[in-house]
Amino acid sequence: MENFRTAKRNSALINPETLIRIDFSPIYFNIDANGFRSRKPFDELVEILSANKKVTIIRYLKSVEHCGAIMGRQVDEKTGGEIPGPYLIFTDGKFAWTSKTIYHFENYDMKLPEEFVKHILEQEPK
């Protein structure tokens, strides 16, 4: 797998059977036993990481070329306003995320799943 400095669009890397789409539902919502969701308070969605870790993660998220787009607008989960720019989908062949994920992580320190963060940090050149 290409590292994040040389990541580029390569359809051979994308295997739909092994691709992990990040499910943010457990992060954004409380889900009861019946499957009903209620939005968590925004403060519960934040996780402060070290500056070095955050820079590495943002660099990785932005280094992968987008592989698709979503019709519609992106909503800022904190303000309810519209996020500027196209609503893009990214994948590194293992995980998939959107431009909305990048926006919320970069601007609000939105939590990312531990498995995803671990994967990103493992891609960093030593």
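Read in this note's numbering, the sequence shown has 138 at position 2, and its numbers run on one by one without any break. Here a beta-carbon is modelled for each residue, glycine too, at the ideal position from N, C-alpha and C.
For this session: Please confirm if the region 211 to 223 is in contact with the region 248 to 257, defined as three or more CB-CB distances below 8 Å between the two stretches.
Result: Taking one beta carbon from each stretch, the region 211 to 223 and the region 248 to 257 have fewer than 3 pairs nearer than 8 Å; the two do not touch.
Exercise. How long is the line joining the alpha carbons of Ala187 and Met207, rounded to whole angstroms?
Worked result: 33 Å
Exercise. Grouping DSSP H, G and I as helix and E and B as strand, with all else coil, what is Lys214?
Worked result: coil
Exercise. For Lys236, which option in Val253, Lys214 and Lys189 has the closest C-alpha, if you only look at C-alpha atoms?
Worked result: Lys214
Problem set entry | Continuous beta strand (DSSP E) stretch holding Pro232: start and end | First, the residue type needs correcting, since residue 232 is Ala and not Pro in the sequence shown. Run containing Ala232: Phe231 to Thr234, per the beta strand (DSSP E) assignment.
Problem set entry | Phe231, buried or exposed, once every other Cβ within 10 Å from all chains shown has been counted against 16 | buried
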